[in-house]
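Here's the structure, in structure tokens; my notes come after.
There are 4 protein chains.
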Amino acid sequence: MTNNLLAGKRGIIFGALNEQSIAWKVAEQCHKQGAIFVLTNAPIAMRMGEINGLAEKTGSKVIAADATSVEDLEKLVSESMEILGGKIDFILHSIGMSVNVRKGNHYTNENYDYTMKGLDVSALSFHKVMQTTMKLDAMNEWGSIVALTYIAAQRVFPDYNDMADNKSYLESIARSFGYHYGLEKKVRVNTISQSPTMTTAGSGVKGFNEFINFSEQMSPLGNATAEDCANYCVSMFSDLTRYVTMQNLFHDGGYSSTGVTQAVIEKFKD
Amino acid sequence: MTNNLLAGKRGIIFGALNEQSIAWKVAEQCHKQGAIFVLTNAPIAMRMGEINGLAEKTGSKVIAADATSVEDLEKLVSESMEILGGKIDFILHSIGMSVNVRKGNHYTNENYDYTMKGLDVSALSFHKVMQTTMKLDAMNEWGSIVALTYIAAQRVFPDYNDMADNKSYLESIARSFGYHYGLEKKVRVNTISQSPTMTTAGSGVKGFNEFINFSEQMSPLGNATAEDCANYCVSMFSDLTRYVTMQNLFHDGGYSSTGVTQAVIEKFKD
Amino acid sequence: MTNNLLAGKRGIIFGALNEQSIAWKVAEQCHKQGAIFVLTNAPIAMRMGEINGLAEKTGSKVIAADATSVEDLEKLVSESMEILGGKIDFILHSIGMSVNVRKGNHYTNENYDYTMKGLDVSALSFHKVMQTTMKLDAMNEWGSIVALTYIAAQRVFPDYNDMADNKSYLESIARSFGYHYGLEKKVRVNTISQSPTMTTAGSGVKGFNEFINFSEQMSPLGNATAEDCANYCVSMFSDLTRYVTMQNLFHDGGYSSTGVTQAVIEKFKD
Amino acid sequence: MTNNLLAGKRGIIFGALNEQSIAWKVAEQCHKQGAIFVLTNAPIAMRMGEINGLAEKTGSKVIAADATSVEDLEKLVSESMEILGGKIDFILHSIGMSVNVRKGNHYTNENYDYTMKGLDVSALSFHKVMQTTMKLDAMNEWGSIVALTYIAAQRVFPDYNDMADNKSYLESIARSFGYHYGLEKKVRVNTISQSPTMTTAGSGVKGFNEFINFSEQMSPLGNATAEDCANYCVSMFSDLTRYVTMQNLFHDGGYSSTGVTQAVIEKFKD
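Below, the structure is given as structure tokens:
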């Protein structure tokens, strides 16, 4: 599907690791819709990933940046404006990582240094990105900034661990910064709360297969795919959605508004 | 448990059909906590029920009233003030019925006369009760009015049918009327969103056993019991909660904030 | 802005009264984006309005229908499929009216016949539309149905009166019917919660000017315009948003997530 | 008001600085209701405050503890059990501080070391308290843990700055830890979202007087007082509310459900 919806728009896309990544699909769709953009990821993620293939395919440059480093972000944003030839119209933040999850620490047995590190990567980085673009006056008016999140910010999914708290913090940043960015530059900031998706990040979570399965059966339309999430991001980057800001938007096939389905209840007949 | 929390308070309790009813338990607990009150139910429900035993046990009078009839409500409220010797301090609304459910109509095949009738009984009756007490200036300052509701007002539980829409309407009435009653008389109005409970009303819903079972396994504390709901109502009628108003309060063992439990996810392996 | 986003799509648009109407703008934008559609309104509204001009401009047919009449709706849907040459892809429900408001009845002094009439027009009509399309199997897969609503469904705006309760009921219908329509036909159903808008309907509400002013100052981006709302509807009708369903989506310049702005707080310095 | 509601219960109360503190009022009410407890605060806060007077008045011991130090917390919890003669039944967390606010940093100009420090004090400390009591098996079954929060976690109040994000994180911890504590020990965890209150902490926020004034006029019952908040905490610590867990409970005179009041709208007449 291509409608030239993003013609003339410039973006920065964080978090495209490989073909499974939502950010990867977003880059592909933005390209199809006429946008130009810079791809970025943490240096270590870039070594693991295949981002150069994506860059080639979409005619994009890649800039390595640690999203927790203000210095790296300043360099990224400045260079992006140079490369793209102007101010930025859209940003995708698709970054998340919990050290406690990686190390197998139960939520009630957190290592607080790990907690802080995960928060910095998964949530505070979003603030740092926006504080940087604001300082550099790098966003065009009516620009659109989106971060990906998950419904664990509202309801407990035990294996999601401290990522739930990180996502709550992330969504709060979207509201808080969205307020100031809206007043100052008419830039809007939202989070998209996506169905569980079989990405490299997702597949690292314990019990993820069962969880995807549960979620699929609890969603009237089924789990939303990464491709569809990319299309939704396109709509949020486009001028069709200019007055939507400071919102957490569920893109989940109806999961968030479903208490139970017939398919699920069947399993509770004794 | 008795702490004389409601000493000197006068109430009206709608909806005590039999020992399984939450309203029945509320009456028992209010009595233990020192309150006096009038019991009321629809004439037909009173014939089916055993409300006279409850009245005897709690030293209460019973007044039959159709809660959809403003005339009946005026009589009820006036007589209650006479019987109890003063204005009212608390009201429990525990009334709900869907004709579409009773007749087995699927949600996508509603009979709209039934829909309207169910709405009148389940939701508009709550407005009628408050409009009546306000007209008769029947509530004391800082009085407390509670209606029972269910989380189907926020998320779909398919067998709950049009009762979901009724409960949404009911919760909206609590906010809307709570605003005006708060400003005018400092009366507060809230809804309590209770776990599914095996009452006579509940047991009429198709698939209710599976549903209770699912809910039990999705609640970290298990389903809240009718007795505990009664205690919670006591706290809401007491002076301990005077600044809580226009709220929907979940009394559900944590269900509403739980995305999934380990017990539930186990059923979705492979 | 035109991107052929709705090329090949067929719709039904309820509620275009005159140029101020949001539905009017939606029709214009849908036309620009390549959709074909039928316009409909209540017979009385059609006499007052200028819908024929819009029909001409967009190459559309007009069919009068009372949205509370299942018979009228069946005729409307059947004829629309004939006129448009196939099943329906999108529907806009932009209908609302409170008899209590019109008659000047305070919320605590409702006439319950008026209440029921207003609910039927403003909310139950939405159910009737969908029950009709479902019965006639009139929707294409992945079709999109949107109703317009207002944040009074969540928070009290006293002059909004019983429309608040109607909108709560409407939003609940969107969830409830969205569940069933999603499972059966992958049709998605959402409500868009729009900033207060100076339409003919809006301007009838007491104190509406002050209210628009307050809302403007409480929204980081200002009140969303009717034109922008139309664009947002286009995005919801398009294939970019296929996994968004059963949601209430705020299109309000950030109002719903703003507690207070500096501009507003200034007025509270004594 | 005393009803012996907390007879036989043992608690730990964080954050009583002086008579204005909500925690101070909570201690007074808990004492009246028959509870015994330990008071604790940061060493520096204890030097500034008058906690010893409160301790004397309520027959309590005081233990200094930095709530960000797991070591201090372990000592606090162990000693509390010794002093009180058994496991703990209730905990109040009333701690919050933003270094960015203190230093006058605008939200879009955060110092991230300050951000992290404020998060540790205001939010992560809540996790540390619970992780410590869980490790030491220090809570009785059906124990109740409450943290105080503010609606800035849901809507932006610009001067509240990064405390909004901290409160979002805090509320997420309540849900996440509440899940695990509920399953393991039937301990319930909630947050109470209190009206703005003229405490020493509150009065440090820029524009707080205007803000209190705005909030008062936006609340049908007016702002909730510290005394009433203490009573509400008592209800949450009592056995009347045993199935309420993982909730954020608004104690705010109806503010959270009010879109606008007549008093506020008057200011927007031009």
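Residue numbers (our numbering), protein chains in the order written: chain A, -5 to 264; chain B, -5 to 264; chain C, -5 to 264; chain D, -5 to 264. Glycine included, every Cβ here is placed at the ideal spot set by N, Cα and C.
Taking a C-beta distance under 7 Å as the contact criterion, Ile6(D) and Ser74(D) qualify as a contact pair. Measuring C-alpha to C-alpha distances from Ile139(D) to each of Pro152(D), Asp114(D), Glu165(D) and Glu221(D) identifies Glu165(D) as the nearest. Judged by their CB atoms, Ile57(B) and Val32(B) are nearer to each other than the 7 Å cut-off.
Membership of Glu135(A) in the beta strand (DSSP E) is indicated by the continuous run Met133 to Thr143. At a cut-off of 7 Å between beta carbons, Tyr226(B) contacts chain D.
Using a Cβ-Cβ cut-off of 7 Å, Arg96(B) does not count as an interface residue toward chain C, since no Cβ of chain C sits closer than that to its own. Taken in chain order, the unbroken stretches of beta strand (DSSP E) that lie wholly in the stretch 13 to 68 of chain B and span 3 residues or more are 30 to 35 and 55 to 58. For Val183(A), the enclosing beta strand (DSSP E) starts and ends at Arg182 to Gln188.
With a threshold of 7 Å between beta carbons, Asn217(C) makes no contact with chain D. The beta carbon of Gly172(D) sits closer than 6 Å to those of Val183, Thr239 and Met240, all from its chain and outside the five residues before and after it, given in chain order. Judged by their CB atoms, Val95(A) and Thr62(A) are not nearer to each other than the 7 Å cut-off. Taken through DSSP and simplified to helix, strand or coil, Leu130(B) comes out as coil. Straight-line measurement puts the Cα of Tyr101(D) at about 10 Å from the Cα of Ala158(D). Exclusion of the five residues before and after Lys161(D) leaves Thr143, Tyr144, Ala146 and Ala147 as the residues of its chain whose Cβ lies within less than 7 Å of its Cβ. For chain B, the residues of the stretch 143 to 162 of chain A that bring a beta carbon within less than 7 Å of one of its beta carbons are Ile145, Ala146, Arg149, Val150, Phe151 and Pro152, in chain order.
Contact fails between the stretch 244 to 264 of chain A and the stretch 11 to 29 of chain B, because fewer than three Cβ pairs, one in each stretch, are under 8 Å apart. When secondary structure is reduced to three states using DSSP, Arg4(A) falls in the strand class. With a cutoff of 7 Å on beta-carbon distance, Ala1(A) and Thr34(A) are scored as not near each other. Using a Cβ-Cβ cut-off of 8 Å, Lys180(B) is close to Leu215 of chain D, given in chain order. If one requires a minimum length of 3 residues, the beta strand (DSSP E) runs lying completely within the stretch 64 to 110 of chain B are 82 to 87, in chain order. Taking a 10 Å sphere around the C-beta of Gln256(D), we find fewer than 16 other C-beta atoms and assign the residue as exposed. Going by DSSP, Asn242(C) is part of the beta strand (DSSP E) stretching over Asn242 to His245. Within 10 angstroms of the beta-carbon of Thr193(A) lie 16 or more other beta-carbons, which makes it buried. In the displayed model, Thr252(A) falls within a strand according to three-state DSSP. In the pairwise beta carbon analysis, the stretch 211 to 219 of chain A is classified as touching the stretch 221 to 240 of chain C: at least three pairs are separated by under 8 Å. Chain-ordered, the chain C residues with CB closer than 9 Å to the CB of Ser251(D) read Gln148, Arg149 and Val150.
Residue nearest to Asp156(D) within the set Leu78(D), Ile45(D) and Glu104(D) is Glu104(D) (criterion: CA-CA distance).
If you look at Gln148(A), you'll find it isn't in any alpha helix (DSSP H); DSSP assigns it neither H nor E. Counting along the chain, the unbroken alpha helix (DSSP H) around Asn207(A) starts and ends at Phe202 to Gln211. Ile139(C) is outside the set of residues whose beta carbon lies under 7 Å from a beta carbon in chain D. In this chain, the alpha helix (DSSP H) harbouring Glu165(D) covers Met157 to Lys179. No Cβ of chain A is located within less than 7 Å of the beta carbon of Gln125(C). Taking a 10 Å sphere around the C-beta of Asn46(D), we find fewer than 16 other C-beta atoms and assign the residue as exposed. DSSP places Val228(C) in the uninterrupted alpha helix (DSSP H) bounded by Ala220 to Phe231. Among the residues facing chain A, Ser92(D) is not included, as its CB has no counterpart in that chain under 7 Å away.
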